[in-house]
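Asks: Following the numbering used here, the numbering of the sequence shown begins with 54 at its first residue and continues without gaps.
C-beta: ideal position from N, C-alpha, C; glycine also.
Only a predicted model underlies this, so the values are computations on that prediction, with no experimental measurement involved.
My questions all concern the structure below.
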Amino acid sequence: MSGADHPTVRGGLDPSAGLCATCTWVRRIVNDRGSVFLRCGFADRDPAFPRYPPLPVLACDAHRARPTGGDGEMCDRAP
Ligand code: SF4
């Protein structure tokens, strides 16, 4: 896997994204070509975090588990 381009799995995020797949801060971005990118919403609060972290993320101090049963705060809008 390279970069932050990932398919979704049954409407959720590919578990191969690592911690981002379960994080409430992650944003799922779909561009005009249908490519899916994972963007770190926490990077808007703390510029020390990359907006598009190299995946998989295996350790992250800002990870916050998304509530189960939904996609939490994720959105599908292109920037
Ligand atoms: S806070 Fe960490 S785990 Fe969560 S989306 Fe950002 S980089 Fe991924």
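1. Under 5 Å, CB to any heavy atom of the ligand SF4. Which residues pass, going along the chain?
2. Just curious, the beta strand (DSSP E) that Phe-90 is in, first and last residue?
3. What would DSSP say about Arg-113, mapped onto helix, strand or coil?
Replies: Taking the geometry as given:
1. Leu-72, Cys-73, Cys-76, Trp-78, Val-79, Cys-93, Phe-95, Pro-106, Val-110, Cys-113, Ala-115, His-116
2. 89-93
3. First, the residue type needs correcting, since residue 113 is Cys and not Arg in the sequence shown. Reduced to three states, the DSSP call for Cys-113 is coil.
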